[in-house]
Amino acid sequence: MLSQESEVICASADEWRRLRLSNVLEHAGYHVRTCATARELLQLAANRRLRPDDSGVLLLDIQLSDQMSASTIVSALRRSGSSVRTVVLAEQHRETEIIECLRVGADDFVHFPADPSEVIDIVGRVFSLPDIR
12 MLSQESEVIC ASADEWRRLR LSNVLEHAGY HVRTCATARE LLQLAANRRL RPDDSGVLLL
72 DIQLSDQMSA STIVSALRRS GSSVRTVVLA EQHRETEIIE CLRVGADDFV HFPADPSEVI
132 DIVGRVFSLP DIR
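Residue numbers (the working numbering): 12 to 144.
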């Protein structure tokens with residue numbers, strides 16, 4: 012059963028991808044917020060809405076950019092003390108970037124386009140990871 016804290020943040024510059032993921036995850040029972048830019052996402056963190064005790068999951072599109080790589084975003088969130096779980100969304104040909112995101116602290120990844128049930132399964136699995144940070 013999902014709790015009130017079962018929040019997912021979809022960060023993607025692609026509006027269609029944000030809407031599709033939001034709809035899928037809301038139907039699965041998650042509370043979903045969206046961001047279109049790295050600046051928006053990092054502002055959420057700076058405003059302390061991504062608190063160190065946050066139990067949310069971030070779906071981070073590797074193409075979010077704003078002149079900032081996805082691995083830089085993951086690293087910045089880790090340095091800020093946020094414990095938000097991070098799942099990187101990327102096409103298969105972006106393996107090097109996915110590996111770098113995992114190296115700096117992302118919890119998992121999913122190749123896009125992904126089947127909606129796969130996204131729900133990965134988000135659920137990442138929510139249940141033990142907190143070892």
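Cβ coordinates follow ideal geometry from the N, Cα and C atoms, glycine included.
Quick caveat, the model's predicted, so the values are computed rather than measured.
| query | result |
| --- | --- |
| How would you write the range of the alpha helix (DSSP H) that Ile-110 sits in, first residue to last? | 106 to 114 |
| Do Phe-120 and Val-98 have their CB atoms nearer than 8 Å? | yes |
| Does Leu-140 come out as helix, strand or coil in the three-state DSSP assignment? | coil |
| When we look at the beta-carbon of Ser-23 and count the other beta-carbons within 10 Å, is it buried (16 or more) or exposed? | buried |
| For His-38, collect the residues of the same chain with a Cβ closer than 8 Å to its Cβ; drop the 5 residues on either side in sequence, then sort them by chain order. | none |
| List the whole-angstrom C-beta distance separating Asp-72 from Asp-25, where the pair is believed to meet the contact cut-off of C-beta under 8 Å. | 7 Å |
| Once DSSP output is grouped into helix, strand and coil, what is the label at Ile-73? | coil |
| Quick one: grab the DSSP three-state call for Glu-18. | strand |
| What is the DSSP secondary structure of Arg-28, reduced to helix, strand or coil? | helix |
| Quick one: what's Thr-45 bridged to in DSSP? | Cys-21 |
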